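Student: This is the structure I want to talk about, given as structure tokens.
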Amino acid sequence: MMAMTAMKYAQSLIWLMMLGAAVLAQPPAVEKVEPPNWWAGHSVGTVRLLVRGKGFRNAAVRSANPELTVANVRVNGTATYVFFDVRIAPAARAGKYQFELAADGGTVQIPFEISPLAKAPQTVTNDDVIYLIMTDRFADGDASNNKNVDRSNPRMWHGGDLRGVINNLGYVKELGATAIWLTPWYDNSDEVTTCDKPWCPMASYHGYGAIDYYGVENHFGTMADLTELVQKANSMGIKVIQDQVANHVGFRHPWMKQAPLGNWFTPFAQNKFNNSSLLSPNASPADVGNTLKGWFDFSLPDLDQEEPEVARYEIQNALWWIGMTGISGIRQDTIQYMPRKFIRDWTAAINRQYPDFYMVGEVFEEDSVQTAFFQGGKTGWDGVDTGLPSVFDFKLWRTSQEVFTGKKPARALRDVLKYDGLYPEISRVTVLANNHDTDRFMSLGGATKEGAKLHTAFVLATRGIPQLYYGEEVLMTGGHDPANRGDMAKFDRSSRTADEQEMFDWTRRWIATRRQHPAMRSGRTIDVLYNESIYAFRRVSAAEDLLFIINSSDRPQSVSFDRTEINAVNIGCYFDILIDLKTGMSPVGRCPDAASSKVEFSLEPRSMTAVKFENLSVLRAK
Ligand SMILES: [Ca+2]
Ligand SMILES: [Ca+2]
Ligand SMILES: [Ca+2]
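Each residue of the sequence shown is one higher than the one before, starting from 7 at the first, in my numbering.
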């Protein structure tokens, strides 16, 4: 009897629970669809949607249209996210579609769109000069989006926006840069963080804490502003590079309240930044794990790209931005803190749709071995070829700063460049003059205007793709972050001091010289002379042979080269000083002694000379 009663009781309980579940089942609701649209005929022919909402328990998803086929539906444990594949027929027409989601609590429609696929974007090459803009700090072109703007606080919003960049494309054009890299435009939180530390209050003006990977920051403008910016820039010969951040999001991202999966983020652990463990075959798994999965700090939750759903989400997101905006390149933030297999899959997916697309990874290491390890084109000891076209050359950046602020001899430049063979493709390395994470040149110890000029000229004359940082062309100062992110000014000649105008003209003329000379853009490098004060090197292409001579010392120097070592044989006596230190102009027609086997140069203190030898008879015939 006892057993019978207990069984009946249990049965009633189960029945009541089932009834309760049915009665209490929440009706499904959709809050966010990612991606909200895709393309027919895209290399990703089956896109995986992630839908955020509620009431997705036991969801089934149905396509109302035969052009879209649904498969692999997956609901997370709290029924707040549903993942599903959508296979898009190549002939699917552009337009609005929807899916029907049926769950325990009812049905709901999921909106989706097939968009027309835009033409393939241009890519960034050695022919380009990149100019890095921090959007919030460049120009305020639209006061209506200014919220919590406080220009007196370097950690608050300053009002700069996409309209401000559009309005000043003429300035970029005048300078001669052919690509702009904008700091991230993903929507970040508008909330101001308060605390009792010196760095508060602070805001997410920098863009590195996304709360919506598919949204444009409201302080910067709208998707329409962004596409207008890309179109106008392109029409002026200026390409646009997006700053993407796949490693982490901001702590106010909705995923922090409710993650799509339990392993969407890595568990919080402070990253110890043992970066060299990523390079070494002998590193302990614990060190590598911490470096890949540790968080920068509590405010930047680290995504786990080893979870295939995370990797697929990030890859689709990268492709979505290219497809939506027509950008010409991606700078990927903190790329080394993600698994190399993920980097490989990410670059491969982008290149399938956009062959030769420019992607530059931030491997912030002043170590050529480590940065070279991440460039694609070579299979590493781990069996991975990242396929990454470009990495920043942080070792050369630092060394150039040190040489031109008097801390290292001129030959230190060559002592970095001697490792060029480590890079699978040295010409595609991106050579930064500076960026938004480091002190501005003019705030370094030992900085002078002459040193700043030489640093810029060297970045533009050496191999790779040069990248300048806004404001350094007008001698902007600023030490550690955020002082190095001051508001851009001096757009007009009338607002500049004589020194600022000199630096602007110098930068503009070196860019123009680079644009005019193929060897300076893509020639190979040949060392001619390197010692305490002087570094002389050639850039040689099929078309021409250029000689650059840097005197980094504060004394005049004279050098004498055999004609053979600088390839000045059999081409008459004529050579052309491409740029003069003082004027930046080109005083043509200087003639060394034709009878001599030597060519001599008198070098002014802290000077850089660029020379092109040409056949006099050819020149006279012009
Ligand atoms: Ca604004
Ligand atoms: Ca925002
Ligand atoms: Ca990571």
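We treat Cβ as the ideally placed atom computed from N, Cα and C, and that holds for glycine.
Note that the coordinates shown come from a computational prediction; the quantities given were computed from them, not determined experimentally.
Compute the beta-carbon to beta-carbon distance between A109 and G61, rounded to the nearest angstrom, for a pair I have assumed lies under 8 Å.
Tutor: Contact holds; Cβ gap of about 6 Å.
Student: Cα separation between D308 and T570?
Tutor: In a straight line, the C-alpha of D308 is about 56 Å away from that of T570.
Student: Within the continuous alpha helix (DSSP H) that includes I321, where are the two ends?
Tutor: Counting along the chain, the alpha helix (DSSP H) containing I321 begins and ends at 314 to 331.
Student: Please confirm whether L188 and D142 have their CB atoms less than 8 Å apart.
Tutor: No, they are not a contact pair.
Student: Over the uninterrupted alpha helix (DSSP H) stretch that includes Y177, give me the two end residues.
Tutor: That run of the alpha helix (DSSP H) goes 175 to 181.
Student: Have a look at E119 and Y192 and give me their C-alpha separation to the nearest angstrom.
Tutor: Approximately 21 Å between the Cα atoms of the pair.
Student: Using 10 angstroms around the beta-carbon of V465, count the other beta-carbons present and answer buried if the total reaches 16, otherwise exposed.
Tutor: Burial call: buried.
Student: Over the uninterrupted beta strand (DSSP E) stretch that includes E37, give me the two end residues.
Tutor: 35 to 40 is the extent of the beta strand (DSSP E) around E37.
Student: May I ask you to verify whether the stretch 158 to 175 touches the stretch 209 to 228, counting CB pairs closer than 8 Å and requiring at least 3?
Tutor: With the cut-off at 8 Å, the stretch 158 to 175 and the stretch 209 to 228 touch.
Student: Going by DSSP, what residue range makes up the beta strand (DSSP E) through G367?
Tutor: That run of the beta strand (DSSP E) goes 364 to 367.
Student: Would the C-beta of N132 count as close to ligand 1, meaning under 7 Å from any of its heavy atoms?
Tutor: The answer is no for N132.
Student: Could you check what DSSP says for M229 in three-state terms: helix, strand or coil?
Tutor: Correct three-state label for M229: helix.
Student: Check Q507 in the structure and name its three-state DSSP category.
Tutor: Correct three-state label for Q507: helix.
Student: Between V565 and the rest of its own chain, which residues show a CB-CB distance below 8 Å, the 5 nearest in sequence each way excluded?
Tutor: Excluding residues within five positions, the ones whose Cβ falls inside 8 Å are L535, I540, A542, I555, E606, F607, L609.
Student: Pop quiz: V397 and G367 are said to be a contact at Cβ under 8 Å. What is the actual Cβ separation, rounded to whole angstroms?
Tutor: With a Cβ gap of about 5 Å, V397 and G367 count as contacting.
Student: Cα-Cα, which of M330, V422, M482 is closest to N440?
Tutor: Of the listed residues, the one whose Cα sits closest to N440 is M482.
Student: Can you tell me which of the three DSSP states F144 falls into?
Tutor: Coil at F144, not helix or strand.
Student: Specify which residues have a beta carbon nearer than 5 Å to any heavy atom of ligand 1, listing them in chain order.
Tutor: Taking each Cβ in turn, the ones that pass are D146, D148, N151, N152, G165, D167.
Student: On a Cα-Cα basis, can you pick out the residue from Y87, W403, N277 that is closest to W270?
Tutor: Among Y87, W403, N277, the Cα nearest to that of W270 belongs to Y87.
Student: Under a three-way DSSP split, which group does P415 fall into?
Tutor: Here P415 sits in coil by DSSP.
Student: Can you tell me whether I341 is helix, strand or coil according to DSSP?
Tutor: I341 falls in the helix class under three-state DSSP.
Student: What is the DSSP secondary structure of G386, counted as helix, strand or coil?
Tutor: It is coil, neither helix nor strand.
Student: Excluding the five sequence neighbours on either side, which residues of its own chain have a C-beta within less than 6 Å of the C-beta of N323, listed in chain order?
Tutor: Hits under 6 Å: Y219.
Student: Could you name the residues of the same chain whose beta carbon sits closer than 6 Å to that of P488, not counting the 5 residues immediately before and after it, in chain order?
Tutor: Hits under 6 Å: P160, R161.
Student: Figure out for me which residue from S433, R420, R499, Y475 has the closest Cα to the Cα of D445.
Tutor: Checking every option, the nearest Cα to that of D445 belongs to Y475.
Student: Confirm the yes/no value for this check: CB of D196, any heavy atom of ligand 5, distance under 7 Å.
Tutor: Judged by which ligands are present, ligand 5 is missing from the structure shown, whose ligands are ligand 1, ligand 2 and ligand 3.
Student: Indicate, with yes or no, if ligand 2 has a heavy atom lying under 7 Å from the CB of E313.
Tutor: Checking the Cβ of E313 against ligand 2 gives no.
Student: Can you tell me which of the three DSSP states W45 falls into?
Tutor: Looking at W45 - three-state DSSP - the assignment turns out to be strand.
Student: From the DSSP output, in three-state form, read off G595 for me.
Tutor: Confidence at G595 is low in this model, with a pLDDT of 41, below 50, so the placement of that residue should be treated as unreliable; the coordinate-derived value is given next. Of the three classes helix, strand and coil, the one that applies to G595 here is coil, per DSSP.
Student: For H442, which residues from the same chain have a beta carbon less than 6 Å from its beta carbon, with the 5 sequence-adjacent residues on both sides left out?
Tutor: Within the same chain, H442 has close Cβ partners M140, R491.
Student: Identify the residues that DSSP records as bridge partners of V565: which are they?
Tutor: Per DSSP, F607.
Student: Give the residues whose C-beta lies closer than 6 Å to at least one heavy atom of ligand 3, in chain order.
Tutor: Spelled out in chain order, the answer is N253, L298, K299, D308, Y343, M344.
Student: Just how far apart, CA to CA, sit E315 and I321?
Tutor: Rounded to whole angstroms, E315 to I321 spans 10 Å at the Cα level.
Student: For V67, tell me which candidate among P117, P207, R515, I356 has the shortest Cα-Cα distance.
Tutor: The option with the nearest alpha carbon to V67 is P117.
Student: How big is the Cα-Cα spacing for N301 and S282?
Tutor: For the record, residue 301 in the displayed sequence is Trp; it is not Asn. So the two alpha carbons sit approximately 17 Å from each other.
Student: Whole angstroms are fine: how far does the CA of A100 sit from the CA of R80?
Tutor: If you take the alpha carbons of R80 and A100, they lie about 26 Å apart.
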